[in-house]
Amino acid sequence: MDFDEALERFEPVLGFEVHVELGTRTKMFSAAPNPAHPDFHDAEPNTLVDPLSLGLPGSLPVVNAEAVRYSISLGLALGCEIAQSCRFARKNYFYPDTPKNYQISQYDEPIAFEGAVEIELADGRQVSIPIERAHMEEDAGKLTHVGGSTGRIQGAEYSLVDYNRAGVPLVEIVTKPIFGAEHDAPEIAKRYVAAIRDIVLSLGISEARMERGNLRCDANVSLRPRGQEALGTRTETKNVNSLRSVERAVRYEIQRQAAILAAGGTIVQETRHWHEDTGATSPGRPKSDADDYRYFPEPDLLPLAPSRELVEELRSQLPEQPVAHRRRLKAEWGFTDLEFQDVVNGDMLHLVEATVVAGATPQAARKWWTGEIARLANEQGVEASSLVEPEHVAQLQALVDEGALTDRLARQVLEGVIAGEGAPAEVVEARGLKVVTDESALVAAVDEALASQPDVLQKIRDGKVQAAGAVIGAVMKAMRGQADAARVREIVLQRAMD
Amino acid sequence: MSEITREDVQHLAGLARIALTDDEVTSLTSELSAIVDAIATVSEIAGPDVPATSHPVPLSNVMRADEVGETLSAEQVFAGAPSHDGERFRVSAILGEEQ
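Those sequence lines, one after another, are chains A and B. Going by our numbering, 190 is the number at position 190 of the first sequence; the sequence numbering is gapless. Every number in our numbering is 498 more than the matching position in the second sequence, counting from 1.
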């Protein structure tokens, strides 16, 4: 059903569960290295495992103090209260990515609860998203389905399991039902997840890269007919791994459910999977009852009772709120309203910021991200952040600033970086893209161009300096664009007068 | 008498991946009922003013520093694996969905 028609007949109610992988050095309950920490990103499968990661008999969990600090900081940044005392619980289910046959989570006593996150929509309106809770848990391993149709569960012949991710510290942030989103529902979904991402980044507790699974969103959507008090049946859409997907998935579910309800059908309470390629969701398993997980207090772990001193210490270290942060950056960078809106609406603020931190000027960083990189991302239908690292953009700009690259060459180098050919300096080296700074080579090329265009040479000698353009063009062509045009111009004028 | 039914026992057995014979279902139904009744008796004595005890030892905040410890070698990792490809564990194709 058409989105506007769906909204006319039904009121959407949203809810989100966002999982954040914490970037501590070690796992939640054991000293194995954490693949969500930058030092361990590229580990081979099953090399970041210890007896607990594999659920070997006799292994016992011990809580990572840093993960607790991170969780408290995150809870505080979400405006939550921090529990005086809380405990862990076992969530029991059988699945090969969870070798213990249970996940250690928090159930009735989360570490943080009752908060709110302020988000800002494109037109400047502010919306408050109520937070129910944020609790600590551990991530599961990673499954690769082999055989059948390319990695899907259906038709797979067997599955391969990598337990590196098993035990990575997670915080799951659960909102309360969000009412009144109306036509803004898809945008609210996107902005909310972006706000969580920004908070997590500002706290420095996770790299929060959606494409790497550091930040994962499950979107709950239900509809109720206009005027009805009771909530409709909800679906939970998983696998929404980019901001763009979050926005699209919510819009899709509203339209899908509206069509079913309008035709007199009923919505099944279930998990649904988002497919980026088709822009649709498909049914997964029916949602299990919480009872079926047979939660019970984790007997291998003692309760946590965060001291009020610790909570206040962490509160005093909180970075500024994202809205305030944005205002400060805008002032510091000196962007116009339009330039700044461009960056924010393109969801590039954190990228520009990281590029500035890495040494680029704000304007140069802005031009790269909202210009060439945005264009390429758009062309490939992916998020700009997945194309290139901010550090590499800063390095690229540094090469331009020191005269080693022209803008045109820099764009070619960018393409190489995106193609995975390495850091900018490596691409320059490998592709031989450096600006020709060899004066004798430039002079020789200029002399040759002047000799072949005697009429132009005469004009320059007669004082018609603008005629030099033709010679400069010929030299740039001879140098395959790898020369600094301003320097070439100087040489042309100098040689013409000799 | 509590209300543990044969269906409850069969459902729990399914969740726990335990195969039970009909006789076992019958005996477990009455045994689980007796256990639940016994616990109900405790609940009668401990009123709402007595908090449930999940941890009998009065300790909290037992934590470790965020320092990397030892990991297992590939040989150790796969020592007990029925099947693997040298890098990853190999398991039967999974029916149903990821959690």
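Just so you know, even glycine gets a beta-carbon here, dropped at the ideal spot from N, CA and C.
query, result
"Which of helix, strand or coil DSSP assigns to A:H275", "strand"
"Own chain residues within Cβ distance below 7 Å of A:H41, not counting five before or after", "P35"
"Closer than 9 Å to chain A by CB, B:E595", "Caution applies to B:E595, whose pLDDT of 48 falls short of 50 and renders its modelled position unreliable; the model cannot decide the point."
"Exposure label - B:P554; buried when at least 16 CB within 10 Å", "exposed"
"Amino acids of chain A, ordered along the chain, whose beta-carbon sits closer than 7 Å to that of B:S552", "R87 and P297"
"As assigned by DSSP and simplified to three states, the class of B:E565", "coil"
"Run of the alpha helix (DSSP H) containing A:L243, from where it starts to where it stops", "L243 to A262"
"Terminal residues of the beta strand (DSSP E) in which B:S528 lies", "No beta strand (DSSP E) contains B:S528, which is instead part of the alpha helix (DSSP H) from D520 to I543."
"The beta strand (DSSP E) enclosing A:D342, as first and last residue numbers", "That residue, A:D342, is in no beta strand (DSSP E); its alpha helix (DSSP H) goes D337 to N345."
"Cβ shell of A:V323 (< 7 Å), same chain only, five flanking positions each side left out", "E118 and E120"
"Any C-beta of chain A under 9 Å from that of B:T519", "no"
"DSSP state of A:V49 mapped onto helix, strand, coil", "coil"
"Contact the segment 47-54 of chain A vs the segment 66-83 of chain A: 3+ CB pairs below 8 Å", "no"
"Rounded separation between A:R285 and A:K238 - CA only", "11 Å"
"Same chain, Cβ closer than 8 Å to A:G279, neighbours up to 5 away in sequence not counted", "R248 and Y252"
"Residue-level contact to chain A via CB, B:A544, 9 Å cutoff", "no"
"Residue environment, A:L338, which counts as buried when at least 16 other CB atoms sit within 10 Å", "exposed"
"For A:V18 and A:I254, believed in contact at Cβ under 8 Å, the rounded distance", "Wrong, their Cβ atoms sit about 19 Å apart, outside the cutoff."
"Residue-level contact to chain B via CB, A:E44, 9 Å cutoff", "yes"
"Closest Cα partner of B:V534 within the set B:D521, B:E568, B:E501 and B:S525", "B:E501"
"Check whether A:V393 and A:L409 have beta carbons under 9 Å apart", "no"
"Identity of the residue in A:G481, A:R411, A:V488 and A:L396 nearest A:S440 by Cα", "A:V488"
"Contact list for the segment 110-121 of chain A against chain B, Cβ threshold 7 Å", "none"
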